Amino acid sequence: MKHRKLLFALLTLAAASAFLGPRLAESSAAAPEPQRRRAATQRRAPARPRVDYTKFTHSTPAHRKDSCDSCHKSPSDNWARVRARDAAFPDITDYPEHESCLGCHRQQFFNGARPPICTVCHTAVSPRAGERHPFANPADVFARSARAKTRPGEFALIFPHDVHQDVMARAPSDAGDERGAPRFVRAAFAQDAPKKAKPNSCSICHQTYRRPGAAAPTPAPADAAAGAGASGATPALPDGLLKTTPTGHDSCFNCHWQDGGEKPFSNDCAGCHKPLPKGSVPAPAAGRDADAQLAARAGFADPFIIRKLLRRETVTFAHDEENHRDIDCASCHTRIPAISTLDDSTLKVSILSCGGSGCHINARPKKILNDEVDKKLADAAFRCAKCHVNLGDEKPPRSHLDAVGK
Amino acid sequence: MSCLFVLAAASARAQAPPQAACQPSPTPVAVKADAAAAAALTATATAPAEAGGIRVFLYDAAKNPLARKRLYLLRRSPFGAGGPDWASMPRHADYLQGASPQLREWLARRDCDSLYCPEFEAEFAEAVKTVPEFKRAYEEGLRKYRSERLALKWLPVNFPLKNVRTEYFRRKRAWLEEAGRRTGKVVSFMTDGKGRAVLTGFAPGEYYISNLFPLEEGGAVFDCKVTTLPPHPRQMWALTYVLSAPARQSASGP
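Protein chains in written order, with our numbering: chain A, 365 to 770; chain B, 133 to 386.
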C-alpha cells in the first residue's frame, strides 16, 4: 500500500513535469521577448513631437505648399480704415479669414474651451473676443508694436535696384529741348551757368532721415580736429546721418497693383518677400560700429532706421553734412546696379571714396585718415573717432593702411 | 539660301548703330602725386585677384556730361562676331501704336522709357486734362478707388495702352540682356551727376566698355577697349577713359 502510494506520487510528478516542463521552459525563454518587442515598437514609432500651435510660421511645409493668396486676401476689407484717409490705398492689412486655416486645423480650432491656436491672431481666447494682435502690415505701425519684438520677420525683401533704376534713374530733361533735336540730358555745372536741379533720382526713394526734434543739419567739422582722439569720449551722433528707404507697399503698389499693374503683382507676396532661412533673423542682433544702446542714447526710435544704423561700419558719417550733401550718391555708391537687398555686403562703400579730391585722405596737408592712422599706430589705445564709435578701438584694417600708404 | 543669309547679315550690319571710340585720359593728377607708390605696386610679383578700377567720363557731342546712363563692362567687342542683333534693337516709336497725338507729344517732351518714371507723377494732374489716355486712366481709377488722390497716383496702373506704358522698356531690357549675353557682360554701371562712373570689382584682363544701346535714337554705341592695371592703393581707379559721343550726322543713323 505504501509502495503503491509512492508510485502514484512519482507518476503524478512525472506526468506533471512532462506536461508543464516544456511550457515553463518556453515561458522562461520567451519571457524577455514581449519586453524587447515593446521596446522595438517604441523605437519604430516615437511619440509625435508636440506642436506648439500658439506659434505660426510661414516656413512650415504645409504652409508653403499653396500660393500666398490662398490665405491672404488682397485687398483686405479694412484697407481704407487702417491708414489715415489721405494715405489709404488698397493693401493687405489684415489676417486671413478662419476658412484658410480650418481645412487643416479643424481639430485644433475645437480643442477645448481655450484652443491655443487662437492666440496666433487673437489677444484673448474667447468666443466673444475678436481683438487681434497687430497685423504685420502696415509695416511701420507693426514695427513699433510690442508684438514685433516677439515675432521677428520671416522674410527678406527682394528689390532689384538694377531693374528699378532704369525706370526711375532718369535725369530730368531740359525744358528747352525741342522735338526732333537730340534728346541728350544736359547737366551744366559751369560756374556761370544758372544752377539746375541736380539729377539725383536716388532721392525719389531715399530722403535724409531727421530724428524727431533734432537740430539743424550737421556743419562740416574742421577736418583733422574732428576726432575724439585719445579722450575716448563717444561723439554725439549728428543729425542727417542716414537716408530713409521705403518700408511700405505704398511705394510699390502704384506700379505693381494686381489689377492692371506690372509683375510681380501685389497679390503675389513671394514676388518680393523671400522666406529667410530657418533660424535667421533679418537684422543683426548687435551692431558693428554702433549698438542698440548708442542708438537709443542718440534718440533713434524708428526700428528701420535703427537697423540701418546697426549695419553701418562708419556710424558718424552724415549724408547731410554740408560737404557731403552736394556729392552725387553714385560718386561713393559706385555699384548701385549691383546692390542687393538680400546681401548687406553689396551696400559697402570703399574707403577710397573718402579720398576723392584729397578730402579726407592726404599726406600733405595731413587729412583725418592719415592723422588718425598715424596716431593709432603710435598708440594702440587711441580711438579713431572721426568715423567710428565701437570700431574705433580696433586695429586699422588693411584697406585703411593701404589708403594712407602704410 | 546662302544668298538670303548673306543679305540678312548685310542688312543687320547696315542697321548697326554708329560706332564710337574712347580716349584714355592723360594720367590723372592724383596718380602723378602717387607715382612712386603706383609704380611699386605694379612691380609686385603676385598679380592681384581684382583689377584696378576704371574711371569713365561720359559726354555728349557738345561735351556736356551725361548723367544716369548705363554702361557695361564686356568681355567682347559689341561690334565683333556674334555681337548684338542690331536689327532687332527696339525703337521707341514702334511702341506707340494707338497713341493719340497729344500723348505722343507729351512723351516726346520727356526722357523716359516707361510711364513709371516717378518724375512724371507731379505732372499727372495736368496730363489728365490734356491727354485723352491719361484722362481715361484717371476716370477708371476714380471708378475703382473712389479717391482722386489714388486715381492720380495710380494713373499708370489704369493706363489703357499697355504697349505705350512699359512695352518699350521691357523689349529694351530683354534686348540688352541678350546683347550682354552675346558680348560677355561682366557688370554694369551707371554714371553719376557729372557723367562719371567708376567701374570696380572685376578680374584683371582685357575688356570693352560700351553703352550697348544708343543713348538716343540713332545715337552711337561705344566700343572702348581697355586693358586693366593693378589696383591703385589710394584711389578707386587705376585708369581713366573719356567717352564722348560723336556729333550726329543725321537723325536717322549712320
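Built from N, CA and C at the ideal position, the CB exists for glycine as well.
This structure is a prediction, so every number in the text was calculated from the model and none was measured.
Determine, using beta carbons only, whether residue i and residue j come nearer to each other than 7 Å.
i: residue 194 of chain B; j: residue 325 of chain B; result: no
i: residue 504 of chain A; j: residue 611 of chain A; result: yes
i: residue 423 of chain A; j: residue 642 of chain A; result: yes
i: residue 310 of chain A; j: residue 696 of chain A; result: Limits of chain A in this structure are 365 at one end and 770 at the other, which puts residue 310 of chain A out of reach.
i: residue 521 of chain A; j: residue 705 of chain A; result: yes
i: residue 684 of chain A; j: residue 608 of chain A; result: no
i: residue 625 of chain A; j: residue 263 of chain B; result: no
i: residue 455 of chain A; j: residue 613 of chain A; result: yes
i: residue 498 of chain A; j: residue 506 of chain A; result: yes
i: residue 606 of chain A; j: residue 669 of chain A; result: yes
i: residue 502 of chain A; j: residue 418 of chain A; result: no
i: residue 686 of chain A; j: residue 653 of chain A; result: no
i: residue 442 of chain A; j: residue 457 of chain A; result: yes
i: residue 376 of chain B; j: residue 202 of chain B; result: no
i: residue 682 of chain A; j: residue 602 of chain A; result: yes
i: residue 184 of chain B; j: residue 362 of chain B; result: yes
i: residue 519 of chain A; j: residue 637 of chain A; result: yes
i: residue 152 of chain B; j: residue 354 of chain B; result: yes
i: residue 478 of chain A; j: residue 489 of chain A; result: yes
i: residue 745 of chain A; j: residue 756 of chain A; result: no
i: residue 269 of chain B; j: residue 291 of chain B; result: yes
i: residue 360 of chain B; j: residue 336 of chain B; result: yes
i: residue 737 of chain A; j: residue 679 of chain A; result: no
Check whether the Cβ of residue i lies closer than 7 Å to any Cβ atom in chain A.
i: residue 325 of chain B; result: yes
i: residue 367 of chain B; result: yes
i: residue 227 of chain B; result: no
i: residue 293 of chain B; result: no
i: residue 282 of chain B; result: yes
i: residue 289 of chain B; result: yes
i: residue 195 of chain B; result: no
i: residue 320 of chain B; result: yes
i: residue 204 of chain B; result: no
i: residue 164 of chain B; result: Residue placement at residue 164 of chain B is flagged as unreliable, the pLDDT there being 41, under the threshold of 50; the coordinate-derived value follows with that caveat. By this cut-off, residue 164 of chain B is not an interface position.
By DSSP's criteria, residue i is part of a beta bridge. Which residues make up the other side?
i: residue 265 of chain B; result: Looking at the DSSP assignment, residue 265 of chain B forms no beta bridge with any residue, so it has no partner.
i: residue 322 of chain B; result: B/202
i: residue 342 of chain B; result: B/204
i: residue 639 of chain A; result: A/519
i: residue 369 of chain B; result: B/185
i: residue 191 of chain B; result: B/197, B/376
i: residue 707 of chain A; result: A/704
i: residue 156 of chain B; result: B/373
i: residue 354 of chain B; result: B/152
i: residue 486 of chain A; result: A/496
i: residue 328 of chain B; result: B/189
i: residue 317 of chain B; result: B/206
i: residue 359 of chain B; result: B/338
i: residue 572 of chain A; result: A/607
Throw me the rounded Cβ distance for the residue i and residue j pair, which I believe falls under 8 Å.
i: residue 156 of chain B; j: residue 373 of chain B; result: 6 Å
i: residue 412 of chain B; j: residue 216 of chain B; result: A question about residue 412 of chain B goes unanswered here, because the residues of chain B that appear run from 133 up to 386.
i: residue 716 of chain A; j: residue 367 of chain B; result: 5 Å
i: residue 701 of chain A; j: residue 526 of chain A; result: 5 Å
i: residue 768 of chain A; j: residue 725 of chain A; result: 6 Å
i: residue 271 of chain B; j: residue 293 of chain B; result: Actually they do not touch by this definition, with Cβ atoms about 15 Å apart.
i: residue 734 of chain A; j: residue 727 of chain A; result: 6 Å
i: residue 380 of chain B; j: residue 350 of chain B; result: 7 Å
Against chain B, does residue i count as a neighbour if the rule is that its beta carbon must be under 7 Å from one of theirs?
i: residue 692 of chain A; result: yes
i: residue 514 of chain A; result: no
i: residue 733 of chain A; result: no
i: residue 760 of chain A; result: no
i: residue 612 of chain A; result: no
i: residue 680 of chain A; result: no
i: residue 502 of chain A; result: no
i: residue 754 of chain A; result: no
i: residue 708 of chain A; result: no
i: residue 745 of chain A; result: no
i: residue 695 of chain A; result: yes
i: residue 713 of chain A; result: no
Is it the case that the segment 183-192 of chain B contacts the segment 343-363 of chain B, given that we only count it when at least three CB pairs across the two stretches are under 8 Å?
With the cut-off at 8 Å, the segment 343-363 of chain B and the segment 183-192 of chain B touch.
The segment 299-316 of chain B contacting the segment 205-221 of chain B, beta-carbon criterion three pairs below 8 Å
yes
Determine which residues of the segment 426-444 of chain A have a Cβ less than 8 Å from any Cβ of chain D, and write them out in chain order.
The question asks about chain D, but that chain is absent: this structure's protein chains are A and B.
So, do the segment 234-248 of chain B and the segment 296-306 of chain B have three or more beta carbon pairs nearer to each other than 8 Å?
yes
Using 8 Å as the Cβ pair cut-off and three pairs as the minimum, do the segment 458-475 of chain A and the segment 622-642 of chain A touch?
no
So does the segment 254-262 of chain B actually touch the segment 272-287 of chain B, counting three or more Cβ pairs closer than 8 Å?
yes
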